[in-house]
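In our numbering, the protein residues as written are 4 to 465.
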């Protein structure tokens, strides 16, 4: 009987565990190694003895992904409302902008004139063409600059695939969504809805971890990858080593580069950069704080960009009469802000919380901070030609990249799942010497390969 080939997967987030499940179904032996003490990666979940359940930042999934994971029966549709603050004014997104005629004029003029404008070369140009200067300068540019840490004219136009369109059909869609109390079909793909698993996103990982034959090793940081010619031959961990036939990396590219003995493999990607986030979690002696799922804060003088309340998606996520909010801070990994503890982060926004939500220190009975140093790939204009070339394959014939962090692609949960499926299919095709038209550099940021019918480059609905 022919021995099964072994695949080692670095990282036990949604990408790593989904790839593992797929590869096991294809007949491979799979070993997953996770640096942290718990699985989940950027989407990890927490539960406390006092009855709070929350994710590492607010995350929802589509009903189509719930079906693929086999958890549809424990998912409910979400009333998807979000708000945005500019100064003292609060707008429900997107229809609330009607309250400001200047924003309506900005978008309306851009819709009428965009066909006559020259093709934008960077994100700031794109925003002016498709959303107008007023809306862009007040909201989109400061929010993106806060998130990315880059001036908007230094950000690649490829980031535009994450932005919503300005079109008559989207306005009508938003009206229908409001009439249906925030629940409606996805704008890009019909017959799918935004849903949330009962008990949080930990249910996603419980489903994946139940895969028969799956081996997951936590608290196992990869220390060294040894190569011979064009192949990985061994991976050394804290307590063990493995000599796999194939390797999938979902860990940050700089971390992978650091442990590979052959530095030329990923050298060209070392100019790429990631953005860190610190998330402050506050447990509160109140039944409710926010009106919707989250509020956005684009203004540059505020150190945070989003505040979310988890029980507004599912009331069972917090004990009766109490709630939990998260405050997200984007920062550089080596910045002072990234090193702040929970108390320091709270003190930096204490007055703002009082002003916006009448939330005082006496209302808060516990706080903690979670950090992710490679949370977002920053799509910069000057590294555009590099990030567009990243695909699943590498210069090592048995080493593959996948997922948001591992392949430097700004994907959400369903996109990470699909990246895992594509990578698994590629390994299967390679092992069985079959042709497969997946890995031709067509990443989620490749403007040469993708465009949409909504007037934006690179829009790839996940």
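No residue lacks a Cβ here, since even glycine has one placed at the ideal position from N, Cα and C.
Once the 5 residues before and after residue 99 are set aside, which same chain residues still bring their CB inside 8 angstroms of it?
86, 87, 93
Using only the alpha-carbon positions, how far apart do residue 344 and residue 371 sit?
8 angstroms
Among 91, 398, 276, which residue has its Cα nearest to the Cα of residue 412?
276
Whole-angstrom distance between residue 406 and residue 386, CA atom to CA atom:
19 angstroms
DSSP beta-bridge partners for residue 199?
79
Exposed or buried, residue 153, counting other C-beta atoms within 10 Å across all chains shown (16 or more means buried)?
buried
Cβ shell of residue 330 (< 6 angstroms), same chain only, five flanking positions each side left out
283, 307, 310
Taking the alpha-carbon positions, what's the residue 458 to residue 233 distance?
Because residue 458 sits at a pLDDT of 47, beneath the cut-off of 50, its placement in the model cannot be relied upon, and the following sentence gives the value as read from the coordinates. Answer to the nearest angstrom: the Cα atoms are 42 angstroms apart.
Let me know if residue 435 comes out buried or exposed under the rule of 16 or more other beta-carbons within 10 Å of its beta-carbon.
exposed
Given residue 357, which residues of its chain have a CB within under 7 angstroms of its CB, disregarding the five upstream and five downstream residues?
363
So, for residue 129: in the same chain, excluding its five sequence neighbours on each side, which residues have a beta-carbon less than 6 angstroms away from its beta-carbon?
123, 160, 163
Residue 73 versus 157, 57, 208, 58, residue with shortest Cα-Cα distance:
208
Jot down the residue ranges of each uninterrupted beta strand (DSSP E) in the stretch 217–244, minimum 3 residues, whole runs only, in chain order.
218–220, 225–231, 234–240
Taking the continuous beta strand (DSSP E) assigned at residue 487, which residues delimit it?
Within the shown structure, residues of the chain are numbered from 4 to 465, placing residue 487 beyond reach of any answer.
For the 8 angstroms Cβ check, are there 3 or more pairs between the stretch 239–257 and the stretch 14–34?
yes
Residues bridged to residue 380 (per DSSP):
277
Decide yes or no for the touch test of the stretch 234–241 against the stretch 289–297: beta carbon pairs closer than 8 angstroms, at least 3 of them.
no
Quick one: what does DSSP say residue 214 is sitting in, helix, strand or coil?
coil
Report the residue from 218, 202, 269, 121 whose alpha carbon sits nearest the alpha carbon of residue 76.
202
Got a sec, what are the start and stop residues for the beta strand (DSSP E) residue 252 sits in?
249–252
Looking at the structure shown, is residue 333 part of a helix, part of a strand, or coil, going by DSSP?
strand
State the start and end residues of the unbroken alpha helix (DSSP H) segment that holds residue 18.
17–28
Nearest by alpha-carbon distance to residue 303: which of 111, 26, 149, 106 is it?
149
Any idea which residues DSSP pairs residue 11 with across the strands?
34, 250
If you reduce the DSSP assignment to three classes, tell me which class residue 6 lands in.
coil
Answer yes if the stretch 256–272 comes into contact with the stretch 424–434, meaning at least three C-beta pairs across the two stretches below 8 angstroms, and no otherwise.
no
Closest to residue 125 by C-alpha separation, out of 147, 119, 118, would be which residue?
147
Answer yes or no: the CB of residue 377 versus the heavy atoms of the ligand GDP, is any distance below 6 angstroms?
By its list of ligands, the structure shown contains no ligand whatsoever, and the ligand GDP lies outside what it can speak to.
For residue 328 and residue 36, the rounded distance between their alpha carbons:
31 angstroms
May I have the straight-line CA-CA distance separating residue 444 from residue 402, to the nearest angstrom?
In this predicted model, residue 444 has a pLDDT of only 40, less than 50, meaning its place in the structure is not dependable; the value taken from the coordinates is given anyway. So the alpha carbons of these two residues sit roughly 15 angstroms apart.
Going by DSSP in three states, residue 443 sits in which element: helix, strand or coil?
Reliability fails at residue 443, whose pLDDT of 42 lies under 50, so the model's placement of it is uncertain and the value that follows must be treated cautiously. Coil.
Closest to residue 21 by C-alpha separation, out of 361, 422, 262, 58, would be which residue?
422
Between residue 351 and the rest of its own chain, which residues show a CB-CB distance below 6 angstroms, the 5 nearest in sequence each way excluded?
306
Can you give me the C-alpha to C-alpha distance between residue 225 and residue 251, rounded to a whole angstrom?
13 angstroms
Below 6 angstroms CB to CB, which residues in the same chain sit around residue 67 once its five sequence neighbours on both sides are set aside?
195
Is the beta carbon of residue 42 sitting closer than 7 angstroms to the one on residue 63?
no
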